[in-house]
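Residue numbers (this note's numbering): 9 to 289.
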C-alpha cells in the first residue's frame, strides 16, 4: 500500500499528536529573533525667514525642510506555530521515514503485530455493538411514541427512554467508546478502537460502508474472543441489570445483548487494541 498524501481527516487526537511529535523531533517550534524598524517621518516645508530672525537676528531668504523621524528596533519572536493537521502530516512523514509506522495488510499474520507498534490499517469501522443495541432500543421506543401505539408504549416507558437517552449522551461525551473493525489479518481478527468524541472532526454516519484509514499505536492484544470485552466495566454492569434486561426484552423481542453482539465474535484470531491517533479518508 502506498502512502496517500491527500486525505480527509475524520478524527484527530491532537493531544497525542502534539505530544508524540515533541518526542520524535524533540523540538517542533522554531523561534527566530528579527530586528524590525518602526519608522515614522514627518516633513514640514516652511519659509526659512520665519526661523532665521529669531535664531540669527536677521531674515534669510530660502525654505526650510524639517523631518521628524521616530525609529526604534524591537525584537520579534517569529514562531512556526503549526496547525493540528500540519503537525500530524509532519509526524506521519517522520514516522514513515524512520520505519516506525507500517501498513497492516488485510491478509497479514496477526502475530506480527506487537504491542507498541505504530500501524496504519485500512478497514471498515463499526459502532460499539452495546451502544448500538441501546440506541436501537431508544429509536424503537421513539418511533412507537411517534406512531401513537398506546398498547406498545406507555408513560413509564417514555420516561425510561428519556432517562436512558440522557444517560447515553452523557456517557458518550465523557468516556471513550470502543469501536470495532471488520475481520482482518490471518487468522481473522478485529481491531478495537477506543474513540473520544471530542476529537471528532466530522460525523461518521456516512463511513459505514466505506474503507477508512486508522493510524494508531497498538496498546495490547486480547486472546479471549468474548465480545463482552468491547463494553467496558461501567456499561457491562449497566446492561446486566435485571430491570434493564426485562425492559429491553420487551422492546427487542427477546434479542439479548449477547446475541446481538455475537456477530463480532472472533473465533481463532485476536482482538487488537489500538489507541487511535488519526482516522481519515
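A virtual CB, placed ideally from N, CA and C, is assigned to each residue, including glycine.
Taking the alpha helix (DSSP H) that residue 260 falls in, what are its first and last residues?
-> Your numbering for residue 260 matches position 252 in the chain shown. Segment 250-260, the alpha helix (DSSP H) holding residue 260.
Local conformation of residue 146 per DSSP, three classes = Here residue 146 corresponds to residue number 138 of the chain shown, with the count starting at 1. Looking at residue 146 - three-state DSSP - the assignment turns out to be helix.
What is the DSSP secondary structure of residue 178, reduced to helix, strand or coil?
-> Numbered from 1 along the chain shown, position 170 holds the residue referred to as residue 178. Correct three-state label for residue 178: helix.
Of the choices 28, 277, 264 and 207, whose alpha-carbon is the least far from that of residue 18?
-> The sequence position of residue 18 within the chain shown is 10, counting from 1. Among 28, 277, 264 and 207, the Cα nearest to that of residue 18 is on 207.
Who does residue 169 pair with in a DSSP beta bridge?
-> For this step, residue 169 is matched to residue 161 along the chain shown. Under DSSP, residue 169 takes part in no beta bridge, so it has no partner.
How big is the Cα-Cα spacing for residue 249 and residue 265?
-> In the chain shown, residue 249 corresponds to position 241, counting from 1. In the chain shown, residue 265 corresponds to position 257, counting from 1. Using only the alpha carbons, I get a separation of about 12 angstroms.
Counting contacts by CB-CB distance shorter than 8 angstroms, is residue 278 in contact with chain B?
-> No chain B is present in this structure, which holds just one protein chain.
Do the region 105-118 and the region 138-146 make contact, defined as three or more Cβ pairs closer than 8 angstroms?
-> Not touching, per the Cβ criterion.
Determine the extent of the beta strand (DSSP E) in which residue 126 is found, giving its start and end residues.
-> Sequence index remark: in the chain shown, residue 126 carries index 118 (1-based). Element bounds for residue 126: 126-131.
Within 8 angstroms, strictly: CB atoms of residue 226 and residue 151 | Position 218 of the chain shown, counted from the first residue, corresponds to residue 226. Position 143 of the chain shown, counted from the first residue, corresponds to residue 151. Cβ distance not < 8 angstroms, so residue 226 and residue 151 don't count as in contact.
For residue 293, does the count of other Cβ atoms within 10 angstroms reach 16, so buried, or fall short, so exposed?
-> For residue 293 there is no data in the structure shown, the boundaries of the chain being 9 and 289.
Residues of its chain near residue 278, where Cβ-Cβ distance is below 7 angstroms and the 5 sequence neighbours each way are ignored | Numbered from 1 along the chain shown, position 270 holds the residue referred to as residue 278. So the qualifying residues of the chain are 118, 197, 229, 230 and 231.
Exposed or buried, residue 155, counting other C-beta atoms within 10 Å across all chains shown (16 or more means buried)?
-> On the chain shown, residue 155 is found 147 positions in, with the first residue counted as 1. Exposed, by the Cβ-count rule.
CB residue 222 to CB residue 247, shorter than 8 angstroms?
-> Translated into positions along the chain shown, residue 222 becomes position 214. Translated into positions along the chain shown, residue 247 becomes position 239. Going by C-beta atoms, residue 222 is not nearer than 8 angstroms to residue 247.
Rounded to a whole number of angstroms, what is the C-alpha to C-alpha distance between residue 36 and residue 91?
-> For the purposes of this step, residue 36 is identified with residue 28 of the chain shown, where counting begins at 1. For the purposes of this step, residue 91 is identified with residue 83 of the chain shown, where counting begins at 1. Any reading at residue 36 needs caution, since the residue's pLDDT is 40, under 50, leaving its predicted position unreliable; the model's value is listed next. Cα to Cα, residue 36 sits roughly 12 angstroms from residue 91.
Pull up the distance between the alpha-carbon of residue 125 and that of residue 135, whole angstroms please.
-> What you label residue 125 is simply residue 117 of the chain shown in a count that begins at 1. What you label residue 135 is simply residue 127 of the chain shown in a count that begins at 1. Roughly 24 angstroms separates the two Cα atoms.
Using three-state DSSP, classify residue 134 as helix, strand or coil.
-> The residue given as residue 134 occupies position 126 in the chain shown. It is a strand residue.
So, helix, strand or coil for residue 97, using DSSP?
-> To locate residue 97, count along the chain shown from 1; it is residue 89. Three-state result, residue 97: helix.
Would you mind sorting residue 275 into buried or exposed? The rule is 16 or more other CB atoms within 10 Å of its CB.
-> Residue 275 sits at position 267 when you count from the first residue of the chain shown. Answer is exposed; the Cβ neighbour count stays below 16.
Considering residue 222, what are the terminal residues of the alpha helix (DSSP H) in which it resides?
-> If you number the chain shown from 1, residue 222 lands on position 214. No alpha helix (DSSP H) holds residue 222; the beta strand (DSSP E) holding it covers 220-230.
Could you tell me the distance, in whole angstroms, from the CA atom of residue 32 to the CA atom of residue 284?
-> One-based indexing of the chain shown puts residue 32 at position 24. One-based indexing of the chain shown puts residue 284 at position 276. One C-alpha to the other measures close to 17 angstroms.
Cα-Cα separation between residue 131 and residue 256, rounded to whole angstroms = Taking the chain shown and counting its residues from 1, the one referred to as residue 131 is at position 123. Taking the chain shown and counting its residues from 1, the one referred to as residue 256 is at position 248. Residue 131 and residue 256: Cα-Cα distance of roughly 31 angstroms.
What residues in its chain sit with their C-beta under 7 angstroms from that of residue 179, if we drop five residues either side in the sequence?
-> Counting from one through the chain shown, the residue named residue 179 turns up at place 171. Excluding residues within five positions, none has a Cβ falling inside 7 angstroms.
Could you check the C-alpha separation between residue 38 and residue 288 for me, to the nearest Å?
-> Reading the chain shown from its first residue, position 30 is the one you call residue 38. Reading the chain shown from its first residue, position 280 is the one you call residue 288. For residue 38, the predicted structure reports a pLDDT of 46, less than 50, and the residue's modelled location is therefore unreliable. The matter cannot be settled from this model.
Beta-carbon contacts of residue 94 that lie in its chain and below 6 angstroms, excluding the five residues immediately before and after = On the chain shown, position 86 is the one that residue 94 refers to. Hits under 6 angstroms: none found.
To the nearest angstrom, how far is it from the Cα of residue 190 to the Cα of residue 170?
-> Here residue 190 refers to the residue found at position 182 when the chain shown is read from its first residue. Here residue 170 refers to the residue found at position 162 when the chain shown is read from its first residue. Going from the Cα of residue 190 to the Cα of residue 170 covers about 32 angstroms.
Local conformation of residue 38 per DSSP, three classes = In the chain shown, counting from the first residue as 1, residue 38 sits at position 30. Residue confidence for residue 38 is low, a pLDDT of 46 falling below 50, so the modelled location carries little weight and cannot support an answer.
Three-state secondary structure assigned by DSSP to residue 283 = The sequence position of residue 283 within the chain shown is 275, counting from 1. Three-state DSSP puts residue 283 in a strand.
Measuring CB to CB, does residue 145 end up less than 8 angstroms from residue 259?
-> Translated into the one-based positions of the chain shown, residue 145 becomes position 137. Translated into the one-based positions of the chain shown, residue 259 becomes position 251. Yes, Cβ-Cβ distance for residue 145 and residue 259 is below 8 angstroms.
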